[in-house]
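Taking the UniProt record's numbering, the leading residue of the sequence shown gets 1, the next gets one more, and so forth.
Even glycine gets a Cβ: it sits at the ideal position worked out from N, Cα and C.
What follows is a single structure, written as structure tokens, with notes after it.
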Amino acid sequence: MKTPLSNFIPINRKLFKHEFWAEKRQYSKFEAWLDLITSARFDNTEGRVLIGSNIVRWNRGELPASIRFLMERWGWTKNKVESFLKLLKSEQMITTRTAPNTTQTIITICNYESYNTINKTASQQTGHQPDTDPTTAGQQPDETNKANKQKIDKQRTIYRAFAHLVLFTDEYDKLIDAGYTVNHINKILDEVENYKNNKKYTSLYLTAKKWLERENLNQTNAAAGAGKIVQITNAFQQALQYR
Numbered sequence: 001m002k003t004p005l006s007n008f009i010p011i012n013r014k015l016f017k018h019e020f021w022a023e024k025r026q027y028s029k030f031e032a033w034l035d036l037i038t039s040a041r042f043d044n045t046e047g048r049v050l051i052g053s054n055i056v057r058w059n060r061g062e063l064p065a066s067i068r069f070l071m072e073r074w075g076w077t078k079n080k081v082e083s084f085l086k087l088l089k090s091e092q093m094i095t096t097r098t099a100p101n102t103t104q105t106i107i108t109i110c111n112y113e114s115y116n117t118i119n120k121t122a123s124q125q126t127g128h129q130p131d132t133d134p135t136t137a138g139q140q141p142d143e144t145n146k147a148n149k150q151k152i153d154k155q156r157t158i159y160r161a162f163a164h165l166v167l168f169t170d171e172y173d174k175l176i177d178a179g180y181t182v183n184h185i186n187k188i189l190d191e192v193e194n195y196k197n198n199k200k201y202t203s204l205y206l207t208a209k210k211w212l213e214r215e216n217l218n219q220t221n222a223a224a225g226a227g228k229i230v231q232i233t234n235a236f237q238q239a240l241q242y243r
């Protein structure tokens, strides 16, 4: 008997965080296509990220991804990435658009729901009701909705992303709570993005935090040094007055 799962291999999304998948390598076309599907936004809530002075938005089944980002992620050349995206578009597997007032590309997975949604349960297909207690069955939708709501509540939204690095809004809030200003944080993020060796970093939050702390320390030391110079100057002037 065929069920809605007959054409699916159930795979937990945590699989794509496994070290085997994260291994540095050159992706095959299949791996690249699977990567696009799994990287697209799953929740119905809107994704948002600040790029420069503009907010980039994308929805379920979409993902922001530059050619450079995909080159680094897949281990491909620019021509290979562009040719692959062109192939996917010609096969009506994706569409692309540019976010307003930016150069950021948004990729939309065509027929995204067919990869993620099972429309009918096995009992609905066969016309039979499951052998469960009516009270329990009546509670299941509420429990499922509650679980889904909790999952959405826990969904982390992106504040800033570039190359392979991402800063989530909850991490940004931690930096604000630590006493750093919005301008100071954005300045440091710009510096990290423009740093040619930023590939060695794995956490944008920890990197930004470290850079902010280092800059504050340098400013404190500079202020302390300036204060000592003023003290020495004042002492010297006082000594001259009593000569």
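- Answer yes or no: do Leu204 and Val192 have a C-beta to C-beta separation smaller than 8 Å? yes
- With a 10 Å radius around its C-beta and 16 neighbouring C-beta atoms as the bar for buried, classify Trp21 as buried or exposed. exposed
- If you pair each beta-carbon of the region 62 to 71 with each one of the region 179 to 196, do three or more pairs fall below 8 Å? no
- Look at the alpha carbon of Leu175 and the alpha carbon of Gly52, and state the distance between them as a whole number of angstroms. 19 Å
- Item | Residues bridged to Val49 (per DSSP) | Val56
- Task: For Val56, count neighbouring Cβ atoms within 10 angstroms of its own Cβ and tell me buried if that reaches 16, exposed if not.
- Result: buried
- Query: Start and end of the alpha helix (DSSP H) containing Ile94?
  - Reply: Segment Ile94 to Thr98 is the beta strand (DSSP E) holding Ile94; no alpha helix (DSSP H) there.
- Alpha carbon to alpha carbon, how far is Phe162 from residue 245? Give it in angstroms, no decimals. Because the chain in this structure spans residues 1 to 243, residue 245 falls outside the shown range and cannot be described.
- Can you have a look at Tyr115 and say buried or exposed, based on whether 16 or more other CB atoms are within 10 angstroms of its CB? exposed
- Please classify Gln92: is it buried, with 16 or more other beta-carbons within 10 angstroms of its beta-carbon, or exposed? exposed
- Query: Taking the C-alpha atoms as reference points, what is the distance between Pro100 and Leu167?
  - Reply: 21 Å
- Query: Is the Cβ-Cβ distance between Asn54 and Thr96 less than 8 Å?
  - Reply: no
- Around the C-beta of Lys120, are 16 or more other C-beta atoms found within 10 angstroms, so that it is buried, or is it exposed? Residue placement at Lys120 is poorly supported in this model, since its pLDDT is 45, which falls under 50; the coordinates still yield a value, given next. Lys120 comes out exposed.
- Query: With C-beta atoms as the reference, is Ala40 less than 8 Å away from Glu62?
  - Reply: yes
- Message: Applying the 10 Å Cβ sphere with the 16-neighbour rule, what's the burial state of Arg13?
- Response: exposed
- Message: Bridge partners for Leu15 per DSSP, in chain order?
- Response: Note: Leu15 sits in no beta bridge, so no partner.
- Message: Let's see if you can read the secondary structure: which residues bound the beta strand (DSSP E) around Ala161?
- Response: Ile158 to Phe162
- Task: Would you kindly check if the distance between the Cβ of Tyr180 and the Cβ of residue 247 is under 8 Å?
- Result: The structure shown does not extend to residue 247, since the chain is modelled only from 1 through 243, so no value can be given for it.
- Per DSSP, the bridge partner or partners of Leu206: Leu206 pairs with nothing; no bridge assigned.
- Item | Alpha-carbon to alpha-carbon, Ile94 and Ile107 | 7 Å
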